[in-house]
Amino acid sequence: MGSSGFSWKLADHPKLPKGKLVAMIVLDGWGEASPDKFNCIHVAETPTMDSLKNGAPDKWRLVRAHGTAVGLPTEDDMGNSEVGHNALGAGRIFAQGAKLVDLALASGKIFEDEGFNYIKESFATNTLHLIGLMSDGGVHSRLDQLQLLLRGASQHGAKRIRVHVLTDGRDVLDGSSVGFAETLESELSDLRSKGIDAQVASGGGRMYVTMDRYENDWEVVKRGWDAQVLGEAPHKFKNAVEAIKTLREAPAANDQYLPPFVIVDDSGKPVGPIVDGDAVVTFNFRADRMTMLAQALEYEKFDKFDRVRVPKIRYAGMLQYDGELKLPSHYLVSPPLIDRTSGEYLVHNGVRTFACSETVKFGHVTFFWNGNRSGYFNSELEEYVEIPSDIGITFNVQPKMKALEIGEKARDAILSGKFDQVRVNIPNGDMVGHTGDVEATVVACKAADEAVKMIIDAVEQVGGIFVVTADHGNAEDMVKRNKKGEPLLKDGEVQILTSHTLQPVPIAIGGPGLAAGVKFRKDVPSGGLANVAATVMNLHGFVAPDDYETTLIEVVD
Numbered sequence: 001m002g003s004s005g006f007s008w009k010l011a012d013h014p015k016l017p018k019g020k021l022v023a024m025i026v027l028d029g030w031g032e033a034s035p036d037k038f039n040c041i042h043v044a045e046t047p048t049m050d051s052l053k054n055g056a057p058d059k060w061r062l063v064r065a066h067g068t069a070v071g072l073p074t075e076d077d078m079g080n081s082e083v084g085h086n087a088l089g090a091g092r093i094f095a096q097g098a099k100l101v102d103l104a105l106a107s108g109k110i111f112e113d114e115g116f117n118y119i120k121e122s123f124a125t126n127t128l129h130l131i132g133l134m135s136d137g138g139v140h141s142r143l144d145q146l147q148l149l150l151r152g153a154s155q156h157g158a159k160r161i162r163v164h165v166l167t168d169g170r171d172v173l174d175g176s177s178v179g180f181a182e183t184l185e186s187e188l189s190d191l192r193s194k195g196i197d198a199q200v201a202s203g204g205g206r207m208y209v210t211m212d213r214y215e216n217d218w219e220v221v222k223r224g225w226d227a228q229v230l231g232e233a234p235h236k237f238k239n240a241v242e243a244i245k246t247l248r249e250a251p252a253a254n255d256q257y258l259p260p261f262v263i264v265d266d267s268g269k270p271v272g273p274i275v276d277g278d279a280v281v282t283f284n285f286r287a288d289r290m291t292m293l294a295q296a297l298e299y300e301k302f303d304k305f306d307r308v309r310v311p312k313i314r315y316a317g318m319l320q321y322d323g324e325l326k327l328p329s330h331y332l333v334s335p336p337l338i339d340r341t342s343g344e345y346l347v348h349n350g351v352r353t354f355a356c357s358e359t360v361k362f363g364h365v366t367f368f369w370n371g372n373r374s375g376y377f378n379s380e381l382e383e384y385v386e387i388p389s390d391i392g393i394t395f396n397v398q399p400k401m402k403a404l405e406i407g408e409k410a411r412d413a414i415l416s417g418k419f420d421q422v423r424v425n426i427p428n429g430d431m432v433g434h435t436g437d438v439e440a441t442v443v444a445c446k447a448a449d450e451a452v453k454m455i456i457d458a459v460e461q462v463g464g465i466f467v468v469t470a471d472h473g474n475a476e477d478m479v480k481r482n483k484k485g486e487p488l489l490k491d492g493e494v495q496i497l498t499s500h501t502l503q504p505v506p507i508a509i510g511g512p513g514l515a516a517g518v519k520f521r522k523d524v525p526s527g528g529l530a531n532v533a534a535t536v537m538n539l540h541g542f543v544a545p546d547d548y549e550t551t552l553i554e555v556v557d
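With this note's numbering as the guide, the letters of the sequence shown map in order to residues 1 to 557.
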């Protein structure tokens with residue numbers, strides 16, 4: 001116990017035994033919605049999840065996984081895997097991403113802090129470049145934040161501003177990029193009328209230009225680098241609206257995959273390559289699709305692609321994207337300080353922990369679960385296993401992904417007797433759901449269900465306990481809907497939904513090790529993901545810290 005009186009030691013639970021294996025299964029993108037043909041979880045053969053839902057009524061319930069339940073500003077904000085795993089692991093709700101940025105912009109604090117003061121030193125003689133997703137989706141960025149940043153920067157001395165836009169169509173409707181570009185152009189034109197030299201300099205679709213993640217395909221980042229930094233792209237236009245409208249006319253074109261373009265002046269010269277002395281801000285608040293570009297902008301030693309020219313710049317992220325890598329080293333808004341996560345407590349209390357997923361979600365079940373912290377708390381008590389994800393294909397091509405391999409690793413860890421908690425993320429519902437391929441997503445959900453069965457079977461063999469939940473919705477609703485909930489049509493075709501949803505997610509408990517009398521309480525109706533940590537601590541035989549969101553279970557005699 002430290003001098004402050006703080007102790008990692010958790011109190012024993014009065015009614016629940018210690019030492020039972022707990023399998024913690026997170027299905028990614030697995031929400032609960034009305035059954036129809038666009039609910040891939042409903043359509044898919046999922047006997048294991050069905051049996052949990054239709055089994056003991058006090059061992060299955062729904063929890064909130066979006067909006068304020070995971071620290072986001074409003075109930076219109078869909079959850080995502082980062083904030084979802086933060087809440088699952090931390091047991092408390094922390095202001096997240098967009099909300100942190102909103103607070104900093106509203107108070108003006110963002111323009112007084114160290115990050116902004118750092119980039120500001122370039123304003124007198126050089127250009128400020130803003131790179132990010134032009135969208136109001138609220139998952140990676142928000143257009144209104146970009147507008148406030150543009151106004152604030154110009155009021156604080158930026159005289160020449162270039163915006164490098166990435167079109168969305170994944171978290172918002174395909175085609176909405178045109179309207180966003182018009183809004184942005186109007187904002188820039190307003191700044192020009194005040195004597196600020198402000199314009200769009202380059203662009204491209206988010207999935208083809210810049211916004212790759214988990215080092216899946218560095219070519220995506222290179223295409224962005226060539227346009228943003230070198231001013232080179234296959235397509236040249238006079239303005240962004242014209243660029244997007246024209247590129248969208250190509251057969252099968254969509255916002256997510258627009259090719260890179262640069263804006264040129266009357267003499268055909270690019271208007272905004274990044275050069276020595278410039279300042280650069282990546283304005284996305286969500287980390288996963290900015291870290292690769294951040295490395296290219298920040299690292300002196302870099303071998304992922306040939307950067308050709310590496311300008312000496314002042315670079316800051318909207319937030320710090322990776323706390324362990326300290327990347328980027330400068331940022332406009334400080335991250336939530338997530339301390340005392342459930343994982344750290346449990347390891348301090350001797351709980352031997354195994355965590356596993358495939359590459360695309362491995363960080364979620366480790367780094368984000370542990371409060372945005374890389375590495376082990378105690379390498380003698382923990383083992384984290386990453387199974388390489390398929391690369392070079394979209395996930396609907398191999399919709400089973402690595403679900404069964406994850407299931408096998410978890411099964412082996414459970415049967416080894418070496419661990420007290422075995423934690424996995426099964427990514428299929430989310431990653432395949434994002435492709436918008438309904439048939440493939442049905443296959444994905446079936447594979448995820450098979451992986452859950454494999455893990456539960458192992459839990460049965462060792463007399464353990466299982467907890468099955470999810471981090472947010474996706475696969476349960478694959479169609480855009482009107483206010484009445486009916487599918488939206490465009491040119492006679494239904495509009496496919498590729499994004500996450502606002503739906504609640506299931507949580508189920510069971511297994512031979514679950515003490516008699518354990519059931520979900522009826523007095524936590526608005527429970528969310530942050531309530532799961534205390535619940536899991538109870539199942540390990542401990543009482544959660546006082547400031548954790550309350551447990552979802554009770555023990556009735």
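Note that CB positions come from ideal geometry on N, CA and C, so glycine has one too.
Predicted model, so just to flag it, every value in this text is computed and none were measured.
Practice prompt. On a CA-only basis, which of Met537, Ala403, Ile131 is nearest isoleucine 465? Give me that one, please.
Written response: When C-alpha distances from isoleucine 465 are compared across Met537, Ala403, Ile131, the shortest belongs to Met537.
Worksheet item: Looking at the structure shown, is histidine 235 part of a helix, part of a strand, or coil, going by DSSP?
Response: Shown here, histidine 235 sits in a strand according to DSSP, grouped into three states.
Worksheet item: Hey, would you say tyrosine 257 sits closer than 8 Å to glycine 179, going by beta carbons?
Response: Not closer than 8 Å, so no.
Worksheet item: For the alpha helix (DSSP H) that glutamine 155 lies in, which residues bound it at each end?
Response: Residues 143-155.
Discussion item. Check for me: the beta strand (DSSP E) holding serine 202 runs from which residue to which?
Written reply: First-last of the beta strand (DSSP E) with serine 202: 197-205.
Fill in: Beta carbon of isoleucine 455 nearer than 8 Å to that of isoleucine 25
For the 8 Å CB-CB criterion, isoleucine 455 and isoleucine 25 form a contact.
Fill in: Beta-bridge partners of methionine 134, as assigned by DSSP
Looking at the DSSP assignment, methionine 134 forms a beta bridge with Thr167.
Item to complete: Would you give the residue range spanned by the alpha helix (DSSP H) that proline 47 belongs to?
Response: In this chain, the alpha helix (DSSP H) harbouring proline 47 covers 47-53.
Worksheet item: If you count every other CB in all the chains shown that lies within 10 Å of the CB of valine 556, and 16 or more means buried, which is it?
Response: Counting the other Cβ atoms within 10 Å of the Cβ of valine 556 gives fewer than 16, which makes it exposed.
Discussion item. If you measure between the beta carbons of arginine 162 and alanine 201, is that distance less than 8 Å?
Written reply: In this structure, alanine 201 lies closer than 8 Å to arginine 162 by Cβ.
Discussion item. Here's a check: name, in chain order, each residue in its chain whose Cβ is nearer than 7 Å to the Cβ of phenylalanine 302, leaving out the five neighbours to either side.
Written reply: Gln295, Ala296, listed in sequence order.
Worksheet item: CB-CB under 8 Å to alanine 253, same chain, minus the five flanking residues each way: which ones, in chain order?
Response: When the five nearest sequence neighbours on each side are left out, the beta carbons in the same chain lying within less than 8 Å of the beta carbon of alanine 253 are those of Leu247, in order along the chain.
Fill in: Proximal residues to proline 388 (C-beta, below 6 Å), its chain only, five neighbours per side dropped
For proline 388, where only same-chain residues beyond five positions count, the Cβ hits under 6 Å are Thr359.
Item to complete: Provide the residue span of the alpha helix (DSSP H) that contains phenylalanine 466, from first to last.
Response: Counting along the chain, phenylalanine 466 falls outside any alpha helix (DSSP H), though it belongs to the beta strand (DSSP E) covering 465-470.
Item to complete: Going by DSSP, name the residue or residues bridged to aspartate 12.
Response: Paired residues: Phe542.
Practice prompt. Go through the stretch 294-364 residue by residue and report every complete run of the beta strand (DSSP E) that reaches 3 residues or more, in order.
Written response: Fully enclosed beta strand (DSSP E) runs of no fewer than 3 residues occupy 314-319, 331-333, 353-358 of the stretch 294-364, in order along the chain.
Worksheet item: Apart from the five residues just before and just after glycine 463, which ones in its own chain have a Cβ nearer than 7 Å to its Cβ?
Response: In its chain, beyond the 5 residues on either side, Pro512, Gly513 have a beta carbon closer than 7 Å to the beta carbon of glycine 463.
Discussion item. Quick check on leucine 27: does DSSP put it in helix, strand or coil?
Written reply: The answer is strand: DSSP assigns leucine 27 an E or B state.
Item to complete: Express the C-alpha separation of glycine 517 and aspartate 477 in angstroms, rounding to a whole number.
Response: Taking the straight line joining both Cα atoms gives about 35 Å.
Worksheet item: Residues in its own chain within less than 8 Å of threonine 74 by CB, not counting five upstream and five downstream?
Response: Here the set comprises Gly67, Thr68.
Fill in: Segment contact, 8 Å Cβ cut-off, at least three pairs: the stretch 271-286 with the stretch 138-147
Yes, since at least three Cβ pairs between the stretch 271-286 and the stretch 138-147 fall closer than 8 Å, the two stretches touch.
Worksheet entry | Top-ranked residue by Cα proximity to serine 186, from Gly371, Gln147, Gly224, Thr550 | For the residues Gly371, Gln147, Gly224, Thr550, the minimum Cα distance to serine 186 belongs to Gln147.
Worksheet item: Roughly how many whole angstroms lie between the Cα atoms of proline 504 and threonine 551?
Response: Distance between the alpha carbons of proline 504 and threonine 551 is about 17 Å.
Discussion item. Please report the distance separating the alpha-carbon of valine 280 from that of arginine 314.
Written reply: Valine 280 and arginine 314: Cα-Cα distance of roughly 6 Å.
Fill in: Cβ-based neighbour list, glutamine 461, same chain, cut-off 7 Å, excluding 5 preceding and 5 following
The answer, listed in chain order, is Leu415.
Discussion item. On the DSSP bridge list, what partners appear for alanine 508?
Written reply: Alanine 508 is bridged to Trp60, Val468.
Practice prompt. Please confirm whether valine 241 and arginine 223 have their CB atoms less than 8 Å apart.
Written response: Taking 8 Å as the Cβ cut-off, valine 241 and arginine 223 do not qualify as a contacting pair.
Fill in: Host beta strand (DSSP E) of phenylalanine 367 (start-end)
From DSSP, phenylalanine 367 is part of no beta strand (DSSP E); its letter is neither H nor E.
Worksheet item: DSSP three-state call for glycine 179: helix, strand or coil?
Response: Note: glycine 179 maps to helix in three-state DSSP.
Practice prompt. To the nearest angstrom, report how far apart aspartate 547 and asparagine 372 are at their CA atoms.
Written response: A direct Cα-to-Cα measurement between aspartate 547 and asparagine 372 gives close to 19 Å.
Worksheet item: According to DSSP, is leucine 128 helix, strand or coil?
Response: Residue state, collapsed to three classes: strand.
Discussion item. Just to confirm, is the Cβ distance from glycine 231 to proline 273 under 8 Å?
Written reply: In contact: glycine 231 and proline 273 (Cβ atoms closer than 8 Å).
Worksheet item: Under the DSSP definition of a beta bridge, which residues are partnered with asparagine 425?
Response: Beta bridge pairing from DSSP links asparagine 425 with Val26.
Worksheet entry | Cβ neighbours of threonine 441 in the same chain (closer than 6 Å, five flanking residues each side left out) | These residues qualify, in order along the chain: Cys40, Val432, Gly433, Ala475.
Worksheet item: Per DSSP, glycine 528 forms a beta bridge with which residues?
Response: Answer by DSSP bridge pairing, in chain order: Arg64.
Worksheet item: DSSP puts leucine 489 in a beta bridge; with which residues?
Response: Bridge partners of leucine 489: Val494.
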